[in-house]
Structures are given as C-alpha cells and as structure tokens.
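Below is one structure, written out as structure tokens, with a few remarks after it.
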DNA sequence: TGAGATACCTTGACAGGCGAGGTATCTCGT
DNA sequence: ACGAGATACCTCGCCTGTCAAGGTATCTCA
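Residue numbers (my numbering), protein chains in the order written: chain A, -8 to 100; chain B, -8 to 100.
Put into structure tokens, the structure is as follows:
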C-alpha cells in the first residue's frame, strides 16, 4: 500500500518543518525519517523535497548552511527560524481543523 | 476561519461522491450542503465543483440528466454509478490511512 | 573496477483549484 | 416596471505543488 502524494499536497512543507523541530538536519536524512515514520507507506520524492526546501527558505521559515564534513558527500543542513516555528504551530492547528472537516464531509452522518 | 482548498486538493471528488451517496442531487444544492456541513468554514468554488462533475462523469463514477422543472432555473441532476460507489468506498479507506499518516508525521511523537 | 549507497540539484510536464467572466430564470420590494 | 439578489448553470486561463527524468560528486565494499 502506498499513498499518493497528491492527497498530501500542501502538507509537504509542514511535514518537513515538523522534522526540523527535532533539530538541525539535512535533506537525505529527513527523507529517510519520513519514509520510516510512514512505515514505508509514503515517501517524499526528491524533486518535491528539494523544491520544498527552496520554498521554505525563500519564505524565511528555514535557513541553511553547508556542512563541513571532511569526508563523504557534502550535506546542506537546515534549521527552523522562529517564523518557521510559528508557521509549524499554525499549520498543525490547520491540520486538526482540516481533519475534522474531512471527517464530517466524508464519513457517515 | 476558512480552510484553504489547497489542503483539500484531491478530496473534492470524494466529497461530491459522498453527497451523492445520499441520492440524486444537483450542483447548487450539493454546494450549499457542503458549506452547511462545514459550518461555513469551507466552500467549494463553483469552478472547482463543475470541473469536478466533468471529471467524475468522464471517469464513469457519476451520470447526469437535465431536470424537467417547469419553472425556475434549469438543473442538471447527478447520480452515482456502481463504479462510483466502489470509488467512494475506496477513497474513504484512503482518507483514513492518510489521516493516520499525517497524524504520525505532524503530531508530537 | 563497478555497483550501490550517500547526498545534492534542476527542468519541464501535468493536474487540480479557482478568479473572472459569462448565461438565464425567478422573486420581491419599491 | 425595474433592479437587486437568489437560483442555477458554464468555460477559459492562470497558478502552484508534485514528480519523472535527468544530472553531479563522494565513499564503501566486493
């Protein structure tokens, strides 16, 4: 079973922010965490992930720095900004509302 | 408070099918029911609604007939097909899965 | 040496939502 | 009689997020 990202459209940013709430991280790791947390049912495509990073950084919700690993592939590390924390909090509230709404609209009355 | 339709993207079809599960209906009425059920928090835009009807009919999940009202504006009535009923059932299952997934990905661990 | 993992990136196509515009009928107050 | 507002339908074209497909570079291990 694998869930379509189209049904999660608009939540990508929030999912990423939620990961960054645990602390600084980087793309590849975040992606594996999401896959693991979903039990393999869902995975963010790379293009979607990196597009989202650009969007989030442009919006001022995250900021990035290049890692200084002396070996291995280079990593770009991301951190949430205070604005990002606000955004995450707000988005979680919106999710709860959306969830209740869809329950009402889709489930038996 | 008003919820963005972007967060509901992909659920429009299911919301409409769910309305038609109650029996034959028409666009304007369905739209008002959705608004009412959401307590005014959400409303399907007309362009979205009629686009969805086309999509659903092309997919064979609903079928339509023009009403024979002898007064008032003309109405186009829609009914679910057996395929539509299957689709609705499946979509409701997908919603439950998506809901659990987002709970896991967005809420505190 | 080469496969596979790690790690990043961009481009262009596609699909759904919707703003803006349109049509036509009926009711009700002035 | 006339205009506003409700009822009821429709289409065109823009915008935005997803993602397939392509790319780069490093490291490990057989």
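No residue lacks a Cβ here, since even glycine has one placed at the ideal position from N, Cα and C.
Taking 8 Å as the upper bound on Cβ-Cβ separation, chain B lies near residues 9 of the stretch 7 to 20 of chain A.
A Cβ of chain B is located within less than 8 Å of the beta carbon of residue 32 of chain A. Only exposed fits residue 50 of chain B, as fewer than 16 other CB atoms lie within 10 angstroms of its CB. Between the alpha carbons of residue -3 of chain B and residue 0 of chain A lies a distance of about 7 Å. Using a CB distance cut-off of 8 Å, residue 59 of chain B does not count as an interface residue toward chain A.
For the pair residue 60 of chain B and residue 41 of chain B, the Cα-to-Cα distance works out to about 20 Å. Residues of chain A with a Cβ closer than 9 Å to the Cβ of residue -3 of chain B are, in chain order, 0, 1. With a cut-off of 8 Å on Cβ pairs, the stretch 30 to 47 of chain A is not in contact with the stretch 22 to 38 of chain B, counting fewer than three such pairs.
Residue 86 of chain A sits in a helix when the DSSP states are folded into three classes. Contact between residue 57 of chain A and residue 75 of chain A is absent: CB atoms are separated by about 19 Å, not below the 8 Å threshold. For residue 95 of chain B, the closest Cβ of chain A is nearer than 8 Å. Leaving aside the five residues that flank residue 72 of chain A on each side, the residues in its chain whose CB is nearer than 7 Å to its CB run, in chain order, 51, 52, 53, 54. Rounded to whole angstroms, the separation of the alpha carbons of residue 97 of chain A and residue 89 of chain A is 12 Å.
At a beta-carbon threshold of 8 Å, the residues of chain A lying near residue 28 of chain B are 95, 96, ordered along the chain. Assignment of beta-bridge partners to residue 70 of chain B by DSSP yields B:54. Taking C-beta atoms under 8 Å as the contact rule, residue 43 of chain B and residue 82 of chain B fail to qualify, at a distance of about 13 Å.
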